[in-house]
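Line by line, the protein sequences are chains A and B. Quick note: the first sequence, position 90, residue 90 per the working numbering, numbers continuous. To convert a position in the second sequence, counted from 1, into the working numbering, add 1000. Beta carbons are placed, not taken as given, at the ideal position from N, Cα and C, and that holds for glycine. Small disclaimer: the values here were computed from a predicted structure and weren't measured.
Number of protein chains: 2
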Amino acid sequence: MTRKESILQAATVLFSQKGYKETSTADISGLTNVAEGTIYYHFHNKEKLFLSVLERTREMIIEEFESYMENRHFRDGMEMIENAVSFYMYLAGKMENQFLLLHRHYPYQMALTLPSCRENLEAIYDCLIDIFEEGVLMGQKDGSIAKMPPRKTALIIFSMVDGVVRFKTYNLYDASALFNDIIVSCRKILATDHHYEEGA
Amino acid sequence: MTRKESILQAATVLFSQKGYKETSTADISGLTNVAEGTIYYHFHNKEKLFLSVLERTREMIIEEFESYMENRHFRDGMEMIENAVSFYMYLAGKMENQFLLLHRHYPYQMALTLPSCRENLEAIYDCLIDIFEEGVLMGQKDGSIAKMPPRKTALIIFSMVDGVVRFKTYNLYDASALFNDIIVSCRKILATDHHYEEGA
DNA sequence: AAAAATACCGAGTGTTAACTCAGTTTTACT
DNA sequence: AGTAAAACTGAGTTAACACTCGGTATTTTT
């Protein structure tokens, strides 16, 4: 692994676990056995390093999600959303540090003054919410999902799932224990009145 | 207003808007026209000041919520939850800074090493989720809410609402635009199969 | 193999921020 | 009014941190 790569990895871990301000370039240097000067050689300054971490995070999350969705076939919109929800929860566990980074307030604060930061965050959320919205639209065509505003519905489903993941992040409650209940709640929110299914 | 009080207020604003590490005692001193020494006279150090802010936040949120709930009468459990949800969204706007503080990762990190910090956070979430749980239990008795695990259901409702509030916090989406949709979704999650109401 | 370009190093620098403390002002009490 | 206690002040101290820079090692090119 190149030094540049190991700096990025260590920065991802430390920025997410300790926070941006709480992580010093000396910390990163110590964790990687790469001299501090090298960090500045590759990333110019700490802020740009953070942006690189965020950009990498965006690439990884979007790629993971799109490759999951595209090579798959769903019976109907409802099934698509159920799958998207469970994949989101799976991914939040697999890419723990990246999701933790997104659950910190720092990136959103940086986004207020740094357009490139905001672009990365918006790209991630747009990608995720677009997938949910697509599922709603598909479900409304095939009759598995009731008529309701697609974008808003996607946002609500997303915030429900993300909120539960956050409980885990905050060490308040174990998200995986709520997995089934989340899926059931999604179905209830989306179900059409007549053909109401309750599976386990 | 006493100096101690104005320090607490300024600290609440700055810690929530800028972050803990990003706020210096000089910042607080500047905003209050109180000398830095005075901050240390009253709070001993920056960490203890933060804890005082958090304790105050806990007191205020719990008091607001309990006084809202206790002087009120609900037709059934469903109505109680609807009211709790809308009051939560109202309060998140009214006490913007305190909620922002709770939406930052810092307090949860501090909670890992500082039991008194964890106690404050748990007290807040316990209070809120207890209220939702109580609503579920009530609704299951009076028939307005379906049979489902009360605690888990309360957690899901809570994370849905809190997740939407967070969109606002992060400047990604305006929570108030989703208000009606949230209420409708809650009803759908909770409703009994037979007596399914859909109001506006 | 020599030269050029790239990657890397870590001691040094300037700044910032938490916290202290010796002294001053205000309040409380007799 | 006089005195003791509490509240307050801000210059000074110390440590940590982001970043620089002159020099060295490594890789690439010719």
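DSSP three-state assignment for residue i, whether helix, strand or coil
i: residue 191/A; result: strand
i: residue 33/A; result: coil
i: residue 166/A; result: helix
i: residue 3/A; result: helix
i: residue 1021/B; result: coil
i: residue 1174/B; result: coil
i: residue 42/A; result: helix
i: residue 1075/B; result: coil
i: residue 1049/B; result: helix
i: residue 155/A; result: helix
i: residue 114/A; result: coil
i: residue 199/A; result: Any reading at residue 199/A needs caution, since the residue's pLDDT is 41, under 50, leaving its predicted position unreliable; the model's value is listed next. If DSSP states are grouped into helix, strand and coil, residue 199/A belongs with coil.
Identity of the residues DSSP links to residue i by a beta bridge
i: residue 1145/B; result: 1191/B
Proximity test, Cβ basis, 7 Å: residue i and chain B
i: residue 133/A; result: no
i: residue 70/A; result: no
i: residue 145/A; result: no
i: residue 232/A; result: Any answer about residue 232/A is impossible in this case: the structure gives chain A only from 1 up to 200.
i: residue 81/A; result: no
i: residue 22/A; result: yes
i: residue 52/A; result: no
i: residue 104/A; result: yes
i: residue 108/A; result: yes
i: residue 200/A; result: With a pLDDT of only 33 at residue 200/A, under 50, the local geometry of the prediction cannot be trusted, and the value read off the model is given with reservation. Not one chain B Cβ lies under 7 Å of residue 200/A.
i: residue 170/A; result: yes
i: residue 185/A; result: yes
i: residue 192/A; result: no
Contact with chain A by residue i, beta-carbon distance below 7 Å
i: residue 1119/B; result: no
i: residue 1178/B; result: yes
i: residue 1189/B; result: yes
i: residue 1116/B; result: no
i: residue 1181/B; result: yes
i: residue 1002/B; result: no
i: residue 1060/B; result: no
Whole runs of the alpha helix (DSSP H) within the segment 77-106 of chain A, excluding any shorter than 4 residues: Within the segment 77-106 of chain A, the complete alpha helix (DSSP H) runs of at least 4 residues are 77-94, 96-102.
Interface residues of the segment 5-17 of chain A facing chain B [CB-CB below 7 Å]: Those residues of the segment 5-17 of chain A that come within reach of chain B (Cβ to Cβ, closer than 7 Å) do not exist; the list is empty.
Members of the segment 1148-1167 of chain B near chain A, C-beta cut-off 9 Å: 1148, 1149, 1152, 1153, 1155, 1156, 1157, 1158, 1159, 1160, 1161, 1162, 1163, 1164, 1165, 1166, 1167
Members of the segment 82-99 of chain A near chain B, C-beta cut-off 7 Å: none
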